[in-house]
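Participant: Below: one structure in structure tokens.
Protein chains in written order, with my numbering: chain A, 93 to 410; chain B, 93 to 410.
This is the structure we're talking about:
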């Protein structure tokens with residue numbers, strides 16, 4: 093009986109796999125290391141091998157599955173299943189991922205980019221409560237996101253929809269972004285962006301603060317250090333968290349004013365700061381939204397952690 | 093043969109009607125005055141009477157039509173066809189527009205808010221070139237809009253999607269907005285908002301400018317005066333248009349970064365400034381977007397003018 097799905101979360105360090113029911117329940121999950129040697133030529137064969145091995149182990153046949161879904165870095169072709177520009181996989185050209193996996197397994201294959209797939213996961217089985225309108229923001233090394241509106245993932249005309257990290261929140265005198273613009277959300281709300289904001293504010297800060305002293309004495313600090321210091325009441329760290337929350341609240345507020353989703357879900361490594369961060373983002377979100385959005389769009393924390401990828405990937409096959 | 097649609101654009105001054113083919117061609121159009129006396133009790137009966145009168149005049153039967161679509165001010169209920177809070181129609185409570193029109197004509201009835209319907213019109217038969225991803229911004233007394241993404245109008249969880257006028261573009265020290273927030277696009281890019289920006293900039297301006305003199309001597313100026321002076325080379329007026337274009341470019345840029353539509357179409361009375369305004373908005377749009385969006389999302393002027401409403405309304409019935 094066809095009632096299972098394989099979800100694959102392809103990353104630069106590991107490839108995560110899940111066997112899920114069509115109801116979104118993870119029945120088995122495993123991971124393999126991503127072998128990026130030889131221009132990433134081993135990655136797709138390794139994935140195929142691992143799927144075959146596990147299906148044999150669990151005594152499952154491909155006829156038990158409705159399909160395979162994958163989240164991938166780089167630029168994905170939704171129709172052909174090809175991936176281009178996945179530099180962290182060492183893929184220098186276009187790789188026909190979908191074609192290879194379908195040929196080897198005989199199963200229908202679906203793909204989308206990793207941030208969109210994580211958004212689908214949080215929307216389906218996580219904080220998004222399977223609502224038709226959910227926005228997901230992931231705060232990590234970079235800032236990414238995915239937008240589900242009216243029940244559909246929004247791709248835009250060139251598959252660049254949902255690039256929430258490049259919403260400009262500092263229109264004047266912002267930091268340079270890797271994308272070529274200035275003042276993008278990513279420059280002030282990614283893990284490195286938060287440290288950048290701290291260094292900027294440190295120049296003007298006068299007062300007692302261990303964190304401030306650490307920066308001035310040339311110590312390397314992380315966004316985690318900043319949140320920990322803030323939770324312990326360090327005044328300077330609190331001012332950094334407040335500024336970052338202002339930027340996040342502005343971006344979330346304008347997403348709310350534009351799309352009025354049921355929820356904006358914050359995930360990624362930085363969201364480990366939890367309610368401490370969420371409440372501050374919400375404060376500014378409420379400052380920047382008009383009444384209907386204030387009342388109906390919620391700011392939430394992601395709940396699935398690393399599983400969002402395999403769950404969202406699996407949902408592509410539904 | 094059922095191959096026609098009736099499109100209705102309900103406004104506070106006039107009700108516009110169109111008889112369209114399913115291909116979007118306007119075959120006939122007419123308008124009646126909106127009679128807002130007696131708490132707007134005459135409006136729906138007048139609409140029904142006018143439709144019946146015209147169908148008789150044109151020797152058409154209701155069996156020639158697939159349905160009726162309407163754009164309305166206020167808050168609309170997409171399922172029931174009811175309208176609430178349409179204060180410019182003098183409607184103090186909920187009015188069952190859809191029920192009354194369906195009962196009187198026997199035709200299926202579809203409704204959406206006026207800005208969304210204008211967006212559908214520009215997308216279908218206007219500058220949007222019937223692409224699945226189009227954003228429409230109307231610059232008039234207020235700033236409104238509508239978002240079509242993945243082929244669907246985006247309503248959000250409480251029907252407040254597409255409120256582009258309430259995107260915050262001045263996060264600090266912005267003007268008060270009627271919505272309760274500060275710094276909304278509407279406060280700096282509506283007809284009155286543009287004048288407000290001019291008055292603010294006038295306080296700091298030093299130089300020769302007829303427009304500046306007019307403001308300082310207490311003359312009433314309009315946004316049209318500002319654009320005309322700018323086109324004639326008035327330095328102060330050019331600085332006002334530049335500032336307004338900066339705000340519009342920022343809002344359009346972030347809409348592009350978020351949704352990557354095929355085009356963002358600018359309409360409404362202020363857009364009469366034409367290419368003079370569009371080119372300046374585009375300049376800032378290109379400053380605030382990342383490469384894929386720069387390359388694939390276009391800034392366009394609306395082409396349908398006042399007909400966008402009846403055309404978009406008709407498209408609801410398709």
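Glycine is no exception: its CB is placed at the ideal position from the N, C-alpha and C atoms.
The beta strand (DSSP E) spanning residue 315 of chain B covers which residue range?
Facilitator: Per DSSP, residue 315 of chain B belongs to no beta strand (DSSP E); it is in the alpha helix (DSSP H), 315-323.
Participant: Roughly how many angstroms separate the alpha carbons of residue 95 of chain B and residue 256 of chain B, rounded to a whole number?
Facilitator: 34 Å
Participant: Return the chain-ordered ranges of every alpha helix (DSSP H) run that is complete within the stretch 116-170 of chain A and spans a minimum of 4 residues.
Facilitator: 129-132 and 135-149
Participant: Which residues bound the alpha helix (DSSP H) around residue 411 of chain B?
Facilitator: Within the shown structure, residues of chain B are numbered from 93 to 410, placing residue 411 of chain B beyond reach of any answer.
Participant: Could you compute how far the alpha carbon of residue 178 of chain A sits from the alpha carbon of residue 184 of chain A?
Facilitator: In this structure, the straight-line span from the alpha carbon of residue 178 of chain A to that of residue 184 of chain A is close to 7 Å.
Participant: Residues of the stretch 347-366 of chain A in Cβ contact with chain B at a cutoff of 9 Å, in chain order, please.
Facilitator: 347, 348, 349, 350, 351, 352, 353, 354 and 355
Participant: In whole angstroms, give me the CA-to-CA distance for residue 247 of chain A and residue 253 of chain A.
Facilitator: 5 Å
Participant: Using the beta-carbon of each residue, which ones in chain B are nearer than 8 Å to residue 273 of chain A?
Facilitator: 379, 380, 381 and 382
Participant: Tell me, to the nearest whole angstrom, how far the beta carbon of residue 161 of chain A is from that of residue 369 of chain A; I am working on the premise that it is less than 8 Å.
Facilitator: At roughly 30 Å, the Cβ-Cβ gap does not stay under 8 Å, so residue 161 of chain A and residue 369 of chain A are not in contact.
Participant: What's the gap between the Cα of residue 116 of chain B and the Cα of residue 153 of chain B?
Facilitator: 19 Å
Participant: Could you check if residue 129 of chain A is buried or exposed, using at least 16 other CB atoms within 10 Å of its CB as the buried criterion?
Facilitator: exposed
Participant: Specify whether the stretch 135-146 of chain B and the stretch 183-202 of chain B touch according to this definition: at least 3 beta carbon pairs, one from each stretch, less than 8 Å apart.
Facilitator: Output reads yes: the stretch 183-202 of chain B touches the stretch 135-146 of chain B.
Participant: Under a CB-based cut-off of 9 Å, is residue 269 of chain B close to chain A?
Facilitator: yes
Participant: So what does residue 267 of chain B bridge to, in DSSP terms?
Facilitator: Per DSSP, none; premise fails for residue 267 of chain B.
Participant: Where residue 298 of chain A and residue 308 of chain A are concerned, what is the direct C-alpha to C-alpha distance, given to the nearest angstrom?
Facilitator: 12 Å
Participant: If the cut-off is 8 Å on Cβ atoms, which residues from the stretch 230-243 of chain B count as contacting chain A, listed in chain order?
Facilitator: 239, 241 and 242
Participant: Could you work out which residues of chain B lie near residue 259 of chain A, taking near to mean beta carbons separated by less than 8 Å?
Facilitator: Residues of chain B with a Cβ closer than 8 Å to the Cβ of residue 259 of chain A are, in chain order, 346, 349 and 350.
Participant: Based on Cα-Cα distance, which residue from B:101, B:104 and B:97 lies nearest to residue 112 of chain B?
Facilitator: Minimum Cα distance to residue 112 of chain B is reached at B:97.
Participant: Can you tell me whether residue 106 of chain A is buried or exposed, with buried defined as 16 or more other CB within 10 angstroms of its CB?
Facilitator: With fewer than 16 other Cβ atoms within 10 Å, it is exposed.
Participant: Below 8 Å on the Cβ atoms is my contact criterion, and I expect residue 231 of chain A with residue 290 of chain A to pass it. Report the Cβ-Cβ distance as a whole number of Å.
Facilitator: Not confirmed; about 15 Å, so no contact.
Participant: Which one of A:351, A:109, A:143 and A:157 has the shortest CA to CA distance from residue 164 of chain A?
Facilitator: Comparing Cα-Cα distances from residue 164 of chain A to each of A:351, A:109, A:143 and A:157, the minimum goes to A:109.
Participant: Taking the straight line between their C-alpha atoms, what separation do you get for residue 380 of chain A and residue 141 of chain A?
Facilitator: 50 Å
Participant: Pick from B:144, B:376 and B:357: whose alpha carbon is nearest that of residue 261 of chain B?
Facilitator: B:376
Participant: What did DSSP end up calling residue 277 of chain A once you bin it into helix, strand or coil?
Facilitator: coil
Participant: At the 9 Å Cβ level, is residue 338 of chain B part of the contact set with chain A, yes or no?
Facilitator: yes
Participant: In this structure, how does DSSP classify residue 396 of chain B when only helix, strand and coil are distinguished?
Facilitator: coil
Participant: From the DSSP output, read off the bridge partner residues of residue 202 of chain B.
Facilitator: B:161
Participant: Could you give the DSSP three-state label for residue 244 of chain B: helix, strand or coil?
Facilitator: strand
Participant: Considering Cα atoms alone, identify which of B:122, B:378, B:318 and B:347 is closest to residue 239 of chain A.
Facilitator: B:347
Participant: Does residue 108 of chain A come out as helix, strand or coil in the three-state DSSP assignment?
Facilitator: In this structure, residue 108 of chain A counts as strand in the three-state DSSP scheme.
Participant: Using a Cβ-Cβ cutoff of less than 7 Å, which residues in the same chain neighbour residue 344 of chain B once the five nearest sequence positions on both sides are dropped?
Facilitator: 356, 373, 377 and 391
Participant: Please list, in chain order, all residues of the same chain as residue 242 of chain A whose beta carbon is under 8 Å from its beta carbon, the five residues on each side excluded.
Facilitator: 224 and 225
Participant: Just to confirm my understanding: we take residue 259 of chain A, look at its own chain, exclude 5 residues before and 5 after, and list those with CB closer than 6 Å. What are they?
Facilitator: 277 and 343
Participant: Whose C-alpha, out of B:114, B:119 and B:139, is nearest the C-alpha of residue 126 of chain B?
Facilitator: B:139
Participant: Considering residue 369 of chain B, what are the terminal residues of the alpha helix (DSSP H) in which it resides?
Facilitator: 367-379
Participant: Answer with yes or no whether the minimum CB distance from residue 306 of chain B to chain A is below 9 Å.
Facilitator: Residue 306 of chain B does not count as touching chain A.
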